[in-house]
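Novice: Take a look at this one; I'll ask things after.
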């Protein structure tokens, strides 16, 4: 009799154990979702902080666009997006709210941030993956770095050319005008004029030192220093540069330690001087 009772107790214990095990979660929940999908569905926002590299302060005209993007499904609409204009205070806190049902747990998501401030554009040197694949949804740190403006790129290219003229073919010339004495050096890459440096002495009216750069036979960048005399320090420096379409891209006037925009008329005057010296230095050939 004792052995029969023991057997019944054993059966009951096994049955209870089976019920207990059946209630434990497995690799998929009752809805059939994988753990990654459950984790993604548990969040409905991504948040963090945006900082600027280099200590540059944007103006009141800037525009900041923050988006939550699925980079796996390229071309798809952002999961969330927000525009801040102006965005003048950094570090800047952000939060993007989204619909959890739209999250694909096997896709890769990033926070994409773009800041535009006039001609200045800021971009992310390092991507910020979030949301899936074990990536965070909070305390996301994003740093934006300033890119060169079109004017800065043009000036950098011009300065690079200035450093190369020592290896080019060089010819010289002079001309005595009623009110000025001119001297110039022409620098060629093969048969093409790439650069002209002109010195003009106006006597008691001052002195100018001008660098002219050319591209495809056309004025590209002009930089002119005005001085009291040849050995004096520049009192002002004017720089103008044109894009491939002929539009004025670079225009700066520097004087007294301050920089301002060069007027369109002064830029046009430098462009005219560039064409005049090219004709004079090449005997009207333009090359």
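Residue numbers (this note's numbering): 15 to 301. Positions of the beta carbon are idealized from the N, C-alpha and C atoms, including for glycine.
1. The alpha helix (DSSP H) spanning residue 76 covers which residue range?
2. Nearest-angstrom Cα distance between residue 287 and residue 156?
3. Where does the unbroken alpha helix (DSSP H) through residue 283 begin, and where does it stop?
4. According to DSSP, residue 269 sits in a beta bridge with which residue or residues?
5. For the stretch 275-294 and the stretch 248-260, state whether three or more C-beta atom pairs, one from each stretch, are separated by less than 8 Å.
6. When the distance is taken between beta carbons, is residue 294 closer than 9 Å to residue 217?
7. Could you compute how far the alpha carbon of residue 282 sits from the alpha carbon of residue 72?
8. Using the three-state DSSP reduction, which class does residue 168 fall into: helix, strand or coil?
9. Throw me the rounded Cβ distance for the residue 124 and residue 139 pair, which I believe falls under 8 Å.
10. Determine the burial state of residue 192: buried for a count of at least 16 other Cβ atoms within 10 Å of its Cβ, exposed for fewer.
11. Hey, out of 180, 197, 290, 79, whose CA is closest to residue 107's CA?
12. Mind reading off the beta-carbon distance from residue 164 to residue 263? Whole number of angstroms is fine, and I expect it under 8 Å.
13. Label residue 326 either buried or exposed according to how many other C-beta atoms from any shown protein chain fall within 10 Å of its C-beta, with 16 as the threshold for buried.
14. At the level of alpha carbons, what is the spacing between residue 236 and residue 59?
15. By DSSP's criteria, residue 305 is part of a beta bridge. Which residues make up the other side?
16. Closest to residue 158 by C-alpha separation, out of 167, 175, 129, would be which residue?
17. How about residue 61 and residue 154: are their beta carbons less than 9 Å apart?
18. Quick check on residue 181: does DSSP put it in helix, strand or coil?
19. Are the CB atoms of residue 57 and residue 122 nearer to each other than 9 Å?
20. Taking the alpha carbon of residue 133 as the reference point, which residue from 141, 112, 114, 160 has its own alpha carbon closest?
21. Would residue 2 and residue 119 qualify as a contact pair, given that the criterion is a beta-carbon distance under 9 Å?
22. So which of 301, 63, 243 has the shortest CA-CA distance to residue 150?
23. Can you list, in chain order, the residues of its chain whose CB lies under 6 Å from that of residue 185, leaving out five sequence neighbours each side?
24. Using DSSP with H/G/I as helix, E/B as strand and the rest coil, what is residue 238?
25. Our contact map puts residue 172 next to residue 227 with C-beta atoms below 8 Å; I'd like the distance itself, whole angstroms only.
26. Should residue 85 be labelled buried (16 or more other beta-carbon atoms within 10 Å of its own) or exposed?
27. By DSSP, does residue 321 sit in helix, in strand, or in coil?
Specialist: Inspection of the coordinates gives the following:
1. One-based indexing of the chain shown puts residue 76 at position 62. Unbroken run through residue 76: none, as it is neither H nor E.
2. On the chain shown, position 273 is the one that residue 287 refers to. On the chain shown, position 142 is the one that residue 156 refers to. Taking the straight line from one Cα to the other gives about 47 Å.
3. What you label residue 283 is simply residue 269 of the chain shown in a count that begins at 1. Its alpha helix (DSSP H) spans residues 278-295.
4. Counting from 1 along the chain shown, the entry for residue 269 is found at position 255. Beta-bridge analysis with DSSP links residue 269 to 272.
5. yes
6. Counting from one through the chain shown, the residue named residue 217 turns up at place 203. Counting from one through the chain shown, the residue named residue 294 turns up at place 280. No, Cβ-Cβ distance for residue 217 and residue 294 is not below 9 Å.
7. Sequence index remark: in the chain shown, residue 282 carries index 268 (1-based). Sequence index remark: in the chain shown, residue 72 carries index 58 (1-based). Going by the C-alpha atoms only, they are around 30 Å apart.
8. Your numbering for residue 168 matches position 154 in the chain shown. Reduced to three states, the DSSP call for residue 168 is helix.
9. As a first step, residue 124 must be located in the chain shown, where it is residue number 110. As a first step, residue 139 must be located in the chain shown, where it is residue number 125. No, residue 124 and residue 139 are not in contact; Cβ-Cβ is about 13 Å, not under 8 Å.
10. Along the chain shown, one-based indexing puts residue 192 at 178. Label assigned to residue 192: exposed.
11. Residue mapping note: residue 107 aligns to position 93 of the chain shown, counting from 1. Looking at the Cα atoms, 79 is the closest of the given residues.
12. Counted from its first residue, the chain shown places residue 164 at position 150. Counted from its first residue, the chain shown places residue 263 at position 249. Right, their Cβ atoms sit about 5 Å apart.
13. This structure cannot speak to residue 326, because the chain is shown only from 15 to 301.
14. As a position in the chain shown, residue 236 is number 222, starting the count at 1. As a position in the chain shown, residue 59 is number 45, starting the count at 1. Distance between the alpha carbons of residue 236 and residue 59: 52 Å.
15. As displayed, the chain neither begins before 15 nor continues past 301, which places residue 305 out of reach and without an answer.
16. Translated into the one-based positions of the chain shown, residue 158 becomes position 144. Across the set 167, 175, 129, the C-alpha of 129 shows the shortest separation from the C-alpha of residue 158.
17. Stepping through the chain shown from its first residue, residue 61 is reached at position 47. Stepping through the chain shown from its first residue, residue 154 is reached at position 140. Closer than 9 Å, so yes.
18. Walking along the chain shown from the start, residue 181 turns up at place 167. Of the three classes helix, strand and coil, the one that applies to residue 181 here is helix, per DSSP.
19. Counted from its first residue, the chain shown places residue 57 at position 43. Counted from its first residue, the chain shown places residue 122 at position 108. Cβ atoms of residue 57 and residue 122: not closer than 9 Å.
20. Here residue 133 is taken as the residue at index 119 of the chain shown, counted from 1. It is 160 whose Cα lies nearest to the Cα of residue 133.
21. Lying before the first or after the last residue shown, residue 2 is absent from the chain, which here runs from 15 to 301.
22. Looking up residue 150 in the chain shown gives position 136. Of 301, 63, 243, the residue nearest in Cα terms is 63.
23. Locating residue 185 in the chain shown gives position 171, counting from the first residue. These residues qualify, in order along the chain: 200.
24. By one-based count along the chain shown, residue 238 stands at place 224. Correct three-state label for residue 238: strand.
25. One-based indexing of the chain shown puts residue 172 at position 158. One-based indexing of the chain shown puts residue 227 at position 213. Rounded, the Cβ-Cβ distance is 6 Å, consistent with contact.
26. Reading the chain shown from its first residue, position 71 is the one you call residue 85. The Cβ neighbour count for residue 85, taken over all protein chains shown within 10 Å, is under 16; the residue is labelled exposed.
27. Summary: the structure shown does not reach residue 321, with the chain confined to residues 15 through 301, and so no result is reported for it.
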